[in-house]
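Position 1, counted from 1, in the sequence shown is what our numbering calls 34; the numbers after and before it change by one each time, with no gaps.
Every residue gets a Cβ at the ideal spot worked out from N, C-alpha and C, and that includes glycine.
The structure displayed is predicted, hence computed values, not measured ones.
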Amino acid sequence: MRLRNPDFSIHPAVGLSGVAGFGWRTARALLRGQLLWLRGRNPHGAMLGRGVQFEYLGSIRFGQWLKVGEQVRFSGLSTGGLQLGNHVSIGAFSQVIVSTSLQAPGQYIFIGSRVGIGEFAYLGGGGGLRIEDDCIIGQYFSCHPENHVHADVQTAIRLQGTTQRGIHIGAGCWIGSKVTVLDGVSIGAGCVVAAGAVVTRSLPDNCVAAGVPARVISSRVARPVRAAHLQPEPA
């Protein structure tokens, strides 16, 4: 575990049985990762839960020490591929799907290094999704980098096509549980997005945002204090 996380340590309160169970689960996850050799890929120390699926594996690239919970599905069907950096963690029952269409494949998904995403996430890549390094993201996170055109009321929405502008999430963000990010949004580096927010507009660096739709409620950067104007003393 220290190869994956140099700061890893076991708390003294964890008993011997807890350590043994942790070791057994980790060993099984590493063994599942080794099965990637059978599909012609170097697992790079991947630790995989039960039922993990890789579809269009030829378009998927991942770095060292990938950790994936059970029943996670990856699909690399795309024009630009699916790329995961080093030390990425994806929670159980998540879907990382660039595209499902053979007629109009999506663009790409890029997830940087040391990114952790909680359980039940849905990441789409129709118009491109990029998550930079060192982001921590809660459960039920969803990203939808495309929108359905719906201007013509005489035509079914499903026949009007989509717009795709893409989503970018800067480095070092903390995104809470059940956050949804919609197409065309850029979230600046170092942002905090509160649980349950729906992000429909771009956010500047180092802000704190909350609400539906999300709005900036504060900044993580202290504003300089302006000195009061000093009146000259009378002679």
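Endpoints, the alpha helix (DSSP H) within which residue i is located
{"i": "valine 52", "result": "49-67"}
Supposed contact pair residue j and residue i - C-beta distance, whole angstroms, cut 8 Å
{"i": "proline 237", "j": "glycine 217", "result": "Not really, about 15 Å apart at Cβ, beyond 8 Å."}
{"i": "leucine 117", "j": "glycine 109", "result": "Leucine 117 to glycine 109, Cβ: 11 Å. No contact."}
{"i": "glycine 160", "j": "glutamine 197", "result": "3 Å"}
{"i": "glycine 66", "j": "proline 76", "result": "4 Å"}
{"i": "alanine 204", "j": "glutamate 152", "result": "That pair is no contact at about 23 Å."}
{"i": "glycine 145", "j": "serine 111", "result": "With 8 Å as the limit, glycine 145 and serine 111 do not qualify as a contact, their Cβ atoms being about 18 Å apart."}
{"i": "threonine 213", "j": "valine 241", "result": "Not quite, the Cβ-Cβ distance comes to about 17 Å (not below 8 Å), so this is no contact."}
Alpha-carbon to alpha-carbon, residue j and residue i
{"i": "arginine 94", "j": "valine 245", "result": "35 Å"}
{"i": "phenylalanine 126", "j": "glutamate 88", "result": "15 Å"}
{"i": "isoleucine 202", "j": "proline 178", "result": "12 Å"}
{"i": "asparagine 180", "j": "isoleucine 123", "result": "25 Å"}
{"i": "leucine 162", "j": "glycine 113", "result": "11 Å"}
{"i": "serine 219", "j": "phenylalanine 143", "result": "14 Å"}
{"i": "leucine 64", "j": "valine 105", "result": "17 Å"}
{"i": "alanine 255", "j": "glycine 223", "result": "14 Å"}
{"i": "phenylalanine 107", "j": "alanine 247", "result": "29 Å"}
{"i": "leucine 99", "j": "isoleucine 130", "result": "17 Å"}
{"i": "histidine 44", "j": "serine 50", "result": "13 Å"}
{"i": "glycine 209", "j": "arginine 147", "result": "17 Å"}
{"i": "glycine 48", "j": "tryptophan 57", "result": "14 Å"}
{"i": "leucine 81", "j": "serine 252", "result": "38 Å"}
{"i": "glycine 54", "j": "alanine 46", "result": "15 Å"}
{"i": "leucine 156", "j": "tyrosine 141", "result": "11 Å"}
{"i": "leucine 69", "j": "glycine 84", "result": "13 Å"}
{"i": "isoleucine 250", "j": "glycine 149", "result": "25 Å"}
{"i": "isoleucine 200", "j": "leucine 215", "result": "7 Å"}
{"i": "alanine 268", "j": "alanine 243", "result": "For alanine 268, the predicted model reports a pLDDT of 48, less than 50, meaning its position is unreliable; a value from the coordinates is still stated below. Straight-line Cα distance between these residues: approximately 54 Å."}
{"i": "alanine 13", "j": "alanine 79", "result": "Summary: the structure shown does not reach residue 13, with the chain confined to residues 34 through 268, and so no result is reported for it."}
{"i": "phenylalanine 41", "j": "cysteine 206", "result": "22 Å"}
{"i": "glycine 139", "j": "histidine 183", "result": "20 Å"}
Min CB distance residue i to chain B below 7 Å
{"i": "glutamine 136", "result": "The structure shown contains no chain B; it holds only a single protein chain."}
Residue i: first and last residue of the uninterrupted beta strand (DSSP E) it sits in
{"i": "arginine 106", "result": "106-108"}
{"i": "tyrosine 172", "result": "Looking at the sequence shown, residue 172 is not tyrosine but glutamine. Element bounds for glutamine 172: n/a, residue is neither H nor E."}
{"i": "threonine 213", "result": "213-215"}
{"i": "phenylalanine 95", "result": "93-95"}
{"i": "valine 88", "result": "Residue identity differs from the one stated: residue 88 is glutamate in this sequence, not valine. Note, glutamate 88: beta strand (DSSP E), 86-88."}
{"i": "alanine 243", "result": "240-243"}
{"i": "glycine 157", "result": "155-157"}
{"i": "arginine 248", "result": "248-252"}
{"i": "histidine 201", "result": "200-202"}
{"i": "leucine 129", "result": "Correcting the residue identity first, residue 129 is valine in this sequence and not leucine. Segment 128-130, the beta strand (DSSP E) holding valine 129."}
According to DSSP, residues forming a beta bridge with residue i
{"i": "glycine 149", "result": "Ser122 and Ile169"}
{"i": "phenylalanine 143", "result": "Gln116 and Arg163"}
Determine contact between the region 221-228 and the region 181-199, defined as no fewer than three beta-carbon pairs at a distance below 8 Å.
Not touching, per the Cβ criterion.
Are the region 131-142 and the region 168-175 touching by the rule of at least three beta carbon pairs closer than 8 Å?
Too few Cβ pairs lie closer than 8 Å, so no.
The region 93-107 contacting the region 118-132, beta-carbon criterion three pairs below 8 Å
yes
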